[in-house]
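Data first, discussion second: the structure below is written as structure tokens.
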Ligand SMILES: [Zn+2]
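Numbering (the working numbering), first residue to last: -6 to 209.
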């Protein structure tokens, strides 16, 4: 039924590629091919110590299509955009060769913000990705402080802004010590990911890998 509706909507409002305007989907196969996946080496923020083991990045935020989609998707839930972003995440996750007991989780929004927007974009991405990879999704973090938007802040201000913002939810997962893959959309200084990783390590999780769509 949902597929039928989707096909009907596609027929009434055909989609155009955000890269080349070709009709059919928000990102055509040619443009998708051009979105270069970064080498899976950890991105380095050399002067810092991080609590996560590595951070895998899919592409540069400067990529026009990815930037357009991330901006739109943040404020309005669109299934085709979520699916597109998951395609990119999946490519990079498969390259990383994750263990089969890996848990997929996400950097959550504050509950108030989630209510305002009606959805949490990274939660949806993480759930969809877990399904594609046949791995378990589990919510492991809670945002306990509302923070200022990071975009306009300096690096030091960002670090201060996100300090102590996450609380790790207790689960029985720590006993098997599986690796955790934390999904987020954009990484800039790594401060948010770092605080999330710290909260998880504090309750006994051992291995945390961050997987973000874009590095700004
Ligand atoms: Zn295209």
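Virtual Cβ for every residue (Gly too), placed ideally from N, Cα, C. As the structure is a prediction and not an experimental result, all values here were calculated from the model.
Three-state secondary structure (DSSP) of residue i
i: residue 26; result: helix
i: residue 158; result: coil
i: residue 53; result: strand
i: residue 9; result: strand
i: residue 130; result: strand
i: residue 15; result: coil
i: residue 195; result: helix
i: residue 175; result: strand
i: residue 91; result: coil
i: residue 138; result: coil
i: residue 146; result: coil
i: residue 208; result: strand
i: residue 83; result: helix
i: residue 98; result: strand
i: residue 72; result: helix
i: residue 46; result: coil
Per-residue burial, residue i [other beta carbons within 10 Å of its own, 16 or more giving buried]
i: residue 136; result: buried
i: residue 96; result: buried
i: residue 183; result: buried
i: residue 23; result: exposed
i: residue 248; result: The displayed coordinates of the chain run from -6 to 209. Any statement about residue 248 would go beyond what the structure contains.
i: residue 56; result: buried
Chain-order list of residues whose beta-carbon lies under 8 Å from that of residue i (same chain, five-residue window excluded)
i: residue 43; result: 183, 186, 187, 190
i: residue 180; result: 36, 48, 50, 186, 203, 205, 207, 208, 209
i: residue 146; result: 154
Residue i versus the options, residue with shortest Cα-Cα distance
i: residue 100; options: 178, 69, 59, 61; result: 178
i: residue 53; options: 21, 172, 80, 29; result: 29
i: residue 193; options: 163, 93, 208, 176; result: 163
i: residue 26; options: 62, 64, 17, 81; result: 81
i: residue 86; options: 59, 139, 128; result: 128
i: residue 58; options: 130, 20, 106, 175; result: 20
i: residue 79; options: 91, 92, 90, 62; result: 62
i: residue 130; options: 150, 64, 175, 31; result: 175
i: residue 138; options: 144, 104, 117, 64; result: 104
i: residue 125; options: 41, 83, 64, 171; result: 83
i: residue 142; options: 116, 106, 117; result: 106
i: residue 98; options: 55, 117, 92; result: 117
i: residue 165; options: 159, 140, 132; result: 132
7 Å CB neighbourhood of residue i in its chain, flanking five on each side removed
i: residue 68; result: 110
i: residue 114; result: 66, 67, 178
i: residue 46; result: 200, 201, 202
i: residue 140; result: 154, 155, 158
i: residue 31; result: 50, 51, 52
Same chain only: Cβ atoms within 6 Å of residue i, ignoring 5 sequence neighbours per side
i: residue 70; result: 112
i: residue 242; result: Beyond the ends of the chain as shown, which are -6 and 209, falls residue 242; an answer cannot be given.
i: residue 94; result: 171
i: residue 148; result: 182
Near ligand 2: residue i beta-carbon under 8 Å from a heavy atom
i: residue 68; result: Here the bound small molecules are ligand 1; ligand 2 is not part of this structure.
*Are three or more beta carbon pairs between the region 150 to 164 and the region 9 to 19 nearer than 8 Å?*
no
Check your understanding: Would you call the region 114 to 130 and the region 73 to 84 in contact, with 3 or more CB pairs under 8 Å?
Key -> yes
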